[in-house]
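Printed below as a string of structure tokens:
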């Protein structure tokens with residue numbers, strides 16, 4: 001059944017490349033879905049539909065898949081740079097251009113396409129990471145977000161150490177972290193609340209959000 005596929009793909013310690021080259025077989029879900037993969041294989045997706053009955057009657061589609069991350073700018077270190085160990089490389093516009101074969105959903109009226117890169121504490125447990133992922137998915141949807149997808153790259157060394165003080169006043173220095181990439185459509189005014197929440201989160205070492213700009217097709 002699809003549950004066994006989910007278990008096999010939700011491991012957080014992989015060193016494999018992070019970004020999918022071919023997701024043409026992955027359909028877009030109407031509200032939000034998250035794809036997690038930590039091993040380098042060709043796309044082989046299965047779906048598990050879970051229905052949450054509450055006041056809003058939300059339908060959640062969970063996609064468990066194995067994908068090929070080789071050949072993209074995420075391969076061989078990811079977001080590292082000399083100025084920011086978690087920054088997006090110059091000239092990169094993120095998911096929209098890195099996956100040319102993927103059929104992307106149309107941007108809903110009044111929304112814009114964004115990506116958020118998040119680096120988490122490397123010592124987080126699997127349950128803690130999944131809870132944090134769900135927390136930010138729900139935050140994005142509450143702010144008007146749609147078509148939320150999450151890509152987990154696993155634990156990756158940082159370009160240099162990051163020192164962060166938590167709410168208890170303790171300082172910790174991190175040499176690596178769990179990399180997550182969120183892709184979604186949302187209202188521009190919702191980004192400020194997202195950034196504020198991530199900055200105050202002790203589990204988030206570093207984060208960065210940016211608007212995805214489509215490349216103009218040559219005629």
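In UniProt numbering, the protein residues as written are 1 to 219.
Quick reminder that beta carbons are idealized off the backbone N, C-alpha and C, glycines included.
- Under the three-state reduction of DSSP, residue 148 is assigned to strand.
- Looking only at 158, 136, 181 and 104, the smallest Cα-Cα distance to residue 196 is reached by 136.
- The shortest CA-to-CA distance from residue 130 to any of 203, 211, 208 and 212 is the one to 203.
- Contact between residue 112 and residue 183 is absent: CB atoms are separated by about 12 Å, not below the 8 Å threshold.
- With 16 or more other Cβ atoms inside 10 Å of its own Cβ, residue 120 counts as buried.
- The beta carbon of residue 176 sits closer than 7 Å to the beta carbons of 122, 155, 156, 157 and 158 from its chain, once the five residues preceding and following it are set aside; these are given in chain order.
- Counting only the Cα atoms, residue 200 lies some 16 Å from residue 140.
- Per the C-alpha coordinates, the member of 179, 190 and 214 positioned closest to residue 118 is 179.
- Setting aside the 5 residues that flank it on each side, residue 145 is surrounded in the same chain by 184 and 186, each with a C-beta closer than 6 Å to its C-beta; the list follows chain order.
- A check of alpha carbon separations from residue 211 across 205, 198 and 190 identifies 190 as the nearest.
- Its chain contains 118, 204 and 207 as the residues whose beta carbon lies nearer than 7 Å to that of residue 198, once the 5 sequence neighbours on both sides are disregarded; these appear in chain order.
- Looking at the backbone, the Cα of residue 166 and that of residue 105 are separated by about 38 Å.
- At a cut-off of 4 residues, the continuous stretches assigned as alpha helix (DSSP H) that sit fully inside the stretch 95-139 are 95-98.
- Nearest to residue 162 by alpha-carbon distance, out of 174, 209 and 169, is 174.
- Within the same chain, Cβ atoms closer than 8 Å to the Cβ of residue 193 are found at 139 and 143, the five residues on either side in sequence being excluded.
- The residue from 147, 181, 128 and 127 with its alpha-carbon nearest to that of residue 153 is 181.
- For residue 206, the uninterrupted beta strand (DSSP E) run begins and ends at 204-211, by DSSP.
- The three-state secondary structure of residue 142, taken from DSSP, is helix.
- Residue state for residue 159 is assigned as strand, using DSSP reduced to three classes.
- The DSSP-derived three-state label of residue 164 is strand.
- Boundaries of the alpha helix (DSSP H) harbouring residue 193: 190-199, taken from the DSSP string.
- Ranking 168, 188, 149 and 170 by CA distance to the CA of residue 110 puts 188 first.
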